[in-house]
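> Using numbering that gives the first Met the number 0, read the sequence shown as starting at 0 and increasing by one per residue. Quick reminder that beta carbons are idealized off the backbone N, C-alpha and C, glycines included.
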Amino acid sequence: MYDMLALYEAKDVQDAVRLRLEHPEAQIIAGGTDVLVQMREGKRAGKALISIQKCDEMRGVSIDAEENIRIGSLTSFTHITNDPIIQKYINVLGEAVDMVGGPQIRNAGTIGGNTCNGVTSADSASTLHAWEAIVEITGKNGVRRIPIKEFYLKAGTVDLKVEDGEIQTAILIPKASYDRTWGHYIKYAMRNAMDIATLGTSVNARLSPDGKSFERVRIAFGVAGPVPMRAVSAEAFINGKAVTLANIEEFGRKVLEDINPRDSWRASKAFRSHIAVESAKRCLIESVKLAGGEL
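(1) Determine which residues share a DSSP beta bridge with TYR1 and list them.
(2) Considering only the beta carbon of each residue, do ASN175 and VAL134 sit closer than 9 angstroms?
(3) Taking the beta strand (DSSP E) that ARG19 falls in, what are its first and last residues?
(4) Verify the contact flag: ARG217, CB atom, against every heavy atom of the ligand NAP, threshold strictly below 8 angstroms.
(5) Sorted by chain position, which residues of the same chain lie with C-beta nearer than 8 angstroms to SER272's C-beta, five sequence neighbours on each side aside?
(6) Might you give, ordered along the chain, the residues of its own chain that have their beta carbon closer than 6 angstroms to the beta carbon of LEU289, omitting 5 neighbours on each side?
(7) Leaving out the 5 sequence neighbours to the left and right, which residues in its chain are closer than 7 angstroms to TYR88 when beta-carbon positions are compared?
(8) To the nearest angstrom, how far is the alpha carbon of SER61 from that of ARG281?
(9) Tell me the DSSP secondary structure of THR80 in three-state form.
(10) In this structure, does DSSP put ILE218 in helix, strand or coil?
(11) If you follow the beta strand (DSSP E) that ILE170 is part of, which residue opens it and which one closes it?
(12) Output the boundary residues of the alpha helix (DSSP H) element that contains LYS46.
(13) Look at the Cβ atom of THR114, then the Cβ atom of PHE76, and state whether they are nearer than 9 angstroms.
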């Protein structure tokens, strides 16, 4: 049994906003793979819940009129991994979320829940940062869109204004981020499955038409700081450079100028820094191969 004060069910997005305004103390629940576990542990005991499971307009993947890839916040990890749009344009996101938990969790867990938790270890987080995702939020004042790097305020906290009844409704990947771009994600964890990332690294690359130089590279980390973060010094170094192993080696070293991992029982700061450098290089090498480049 769950120690639950009340359960409210929203029938659509506007109804969810209304319920959020009427019950600002209530917790939004989607797949429940985090919320219900935390409630059973006592961390959220006695809380009211607002279920958004019936808000079907928040499900699925599509390409909108602006050519953004639009991922509804209620879209499950399994759906993302198997979606043909994701597989064609941003397959690395499908690969990243396919590392979340086990099959049961991936069938129920949602991309919105994964990001709204605000945790730096979320398997979707580094890839969404590397692909410069835009978060769509709906509330009483309408819809606003913010870059995902501004959505994460601090560890475990995201930019959702409860007083405005806001809920996250979608995540958008702009065409400028996915066009002619290929990426790779590495999750380093203590086990091969059912484990939280010790470090997550996501890189994507767009090469020049002749494949000889880096036109555009993005890299982001999870668990390299209190929130997911880009390594902008590494990006600035590699963009415009020739596609060579020497440049990729220096790119890997450059990430140390941006990240700030911590010591924990999972890994020391020194070890996280070491695997950040190595995973950055490996991710970029794989991205070059996927983009049709040669090393």
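Let me spell this out:
(1) On the sequence shown, residue 1 is found 2 positions in, with the first residue counted as 1. Answer is none; TYR1 lacks a bridge partner.
(2) Counted from its first residue, the sequence shown places residue 175 at position 176. Counted from its first residue, the sequence shown places residue 134 at position 135. The sequence given here has Ala at residue 175, not Asn. It is not a contact, given that the beta carbons lie outside the stated cut-off.
(3) Stepping through the sequence shown from its first residue, residue 19 is reached at position 20. No beta strand (DSSP E) contains ARG19, which is instead part of the alpha helix (DSSP H) from 12-21.
(4) Of the ligands one can find in the structure shown there are none, so the ligand NAP has no counterpart to examine.
(5) Position 273 of the sequence shown, counted from the start, is the residue given in the question as residue 272. Counting only Cβ-Cβ distances below 8 angstroms, and skipping sequence neighbours, we find LEU255, ILE258 and PRO260.
(6) Reading the sequence shown from its first residue, position 290 is the one you call residue 289. So the qualifying residues of the chain are TRP181.
(7) If you number the sequence shown from 1, residue 88 lands on position 89. ILE68 and TYR177.
(8) The count along the sequence shown starts at 1 and reaches residue 61 at position 62. The count along the sequence shown starts at 1 and reaches residue 281 at position 282. Roughly 31 angstroms separates the two Cα atoms.
(9) If you number the sequence shown from 1, residue 80 lands on position 81. Looking at THR80 - three-state DSSP - the assignment turns out to be helix.
(10) Here residue 218 refers to the residue found at position 219 of the sequence shown. ILE218: strand per DSSP, three-state reduction.
(11) By 1-based counting over the sequence shown, the position of residue 170 is 171. Taken as a continuous stretch (DSSP letters only), the beta strand (DSSP E) holding ILE170 covers 166-172.
(12) Indexing the sequence shown from 1 puts residue 46 at position 47. Looking at the DSSP string, LYS46 is not in any alpha helix (DSSP H); the run it does join, the beta strand (DSSP E), is 46-50.
(13) As a position in the sequence shown, residue 114 is number 115, starting the count at 1. As a position in the sequence shown, residue 76 is number 77, starting the count at 1. No; because the gap between Cβ atoms is not below 9 angstroms, this pair is not in contact.
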